[in-house]
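**Q** Going letter by letter, the sequence shown gives residues 47 to 195 in this note's numbering. Glycine included, C-beta positions come from ideal geometry on N, C-alpha and C. Below are the structure tokens for one structure; questions will follow.
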Amino acid sequence: MRYLPIDVGNRTIGNICNCFVFINISPLNKHSNVLFIISTSIGSLLFINTGLWTIIIRILTGIDLMNRSLFWCKINGWLTYSGGCFSFMCNCFAGLCQCLILLPNIKWQRLITRTRAKLISILTDIIYLLIFIPIPIYYTNFQSSTLTR
Numbered sequence: 047m048r049y050l051p052i053d054v055g056n057r058t059i060g061n062i063c064n065c066f067v068f069i070n071i072s073p074l075n076k077h078s079n080v081l082f083i084i085s086t087s088i089g090s091l092l093f094i095n096t097g098l099w100t101i102i103i104r105i106l107t108g109i110d111l112m113n114r115s116l117f118w119c120k121i122n123g124w125l126t127y128s129g130g131c132f133s134f135m136c137n138c139f140a141g142l143c144q145c146l147i148l149l150p151n152i153k154w155q156r157l158i159t160r161t162r163a164k165l166i167s168i169l170t171d172i173i174y175l176l177i178f179i180p181i182p183i184y185y186t187n188f189q190s191s192t193l194t195r
């Protein structure tokens, strides 16, 4: 538990570096596959920062955000699940895109363009946000901090 803040910090810095490198270095930014990798990093950032920073803040300061704010209590689970699944799915799309690029048939190589990759990433994000919308609607495991301490 004591290494959790270091681990989360390293993962956050790594995801930010991935986004920065793949957006700003033009030889890496040519392929449609890069959009899926950037989306994977963004989803992973969302997953890590909404899910684990709440725990780290509670460990380091003793302040439990989940018990202090109903809004954060509901949004935390929604963004954590959505971000994790979105990150995983974009990673799968990156692998699929790489397989299509390596096929000998030119028709299959040109199947995923940058525009299609953007559309797939945006639709995947919207779909996962909608799939997990029952979490903030029906999740009621909230206790006021005045009752817990």
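Along the chain, which unbroken stretches of the beta strand (DSSP E) at least 3 residues long are found entirely within the segment 84-139?
**A** Within the segment 84-139, no complete beta strand (DSSP E) run reaches 3 residues.
**Q** Determine the closest residue to Trp-99 out of Pro-51, Ile-183, Leu-157, Phe-178, with distance taken between C-alpha atoms.
**A** Comparing Cα positions, the closest option is Pro-51.
**Q** Please report the distance separating the alpha-carbon of Val-80 from that of Ser-115.
**A** Spanning the two alpha carbons is a distance of roughly 37 Å.
**Q** Taking the alpha carbon of Gln-155 as the point to measure from, which residue in Arg-162, Thr-170, Cys-143, Ile-166 has its own alpha carbon closest?
**A** Nearest of Arg-162, Thr-170, Cys-143, Ile-166 to Gln-155, Cα basis: Cys-143.
**Q** Ends of the alpha helix (DSSP H) at Thr-159?
**A** Careful: Thr-159 lies outside any alpha helix (DSSP H) and carries neither H nor E.
**Q** Between Ile-181, Ser-72, Ser-128, Val-54, which lies nearest to Ser-85 when the distance is taken from Cα to Cα?
**A** Of the candidates Ile-181, Ser-72, Ser-128, Val-54, the one whose C-alpha sits nearest the C-alpha of Ser-85 is Ser-128.
**Q** If you follow the alpha helix (DSSP H) that Phe-68 is in, where does it begin and where does it stop?
**A** Residues 50-70.
**Q** Buried or exposed, going by whether 16 or more other CB atoms sit within 10 Å of the CB of Asp-53?
**A** Classification for Asp-53: exposed.
**Q** Skipping 5 residues on each side, what residues in its chain have a beta carbon closer than 7 Å to that of Phe-178?
**A** Same-chain partners within the cutoff: Trp-124, Tyr-127, Ser-128.
**Q** Within a Cβ cutoff of 7 Å, which residues of the same chain sit near Phe-68, ignoring the five residues on either side of it in sequence?
**A** Excluding positions up to five away in sequence, the list reads Leu-74, Asn-75, Val-80, Ile-83, Ile-84.
**Q** State the Cα-Cα distance for the pair Cys-119 and Lys-164, rounded to the nearest angstrom.
**A** Spanning the two alpha carbons is a distance of roughly 31 Å.
**Q** According to DSSP, is Tyr-185 part of a helix, a strand, or is it coil?
**A** Residue state, collapsed to three classes: coil.
**Q** Taking the straight line between their C-alpha atoms, what separation do you get for Thr-159 and Ile-166?
**A** Taking the straight line from one Cα to the other gives about 10 Å.
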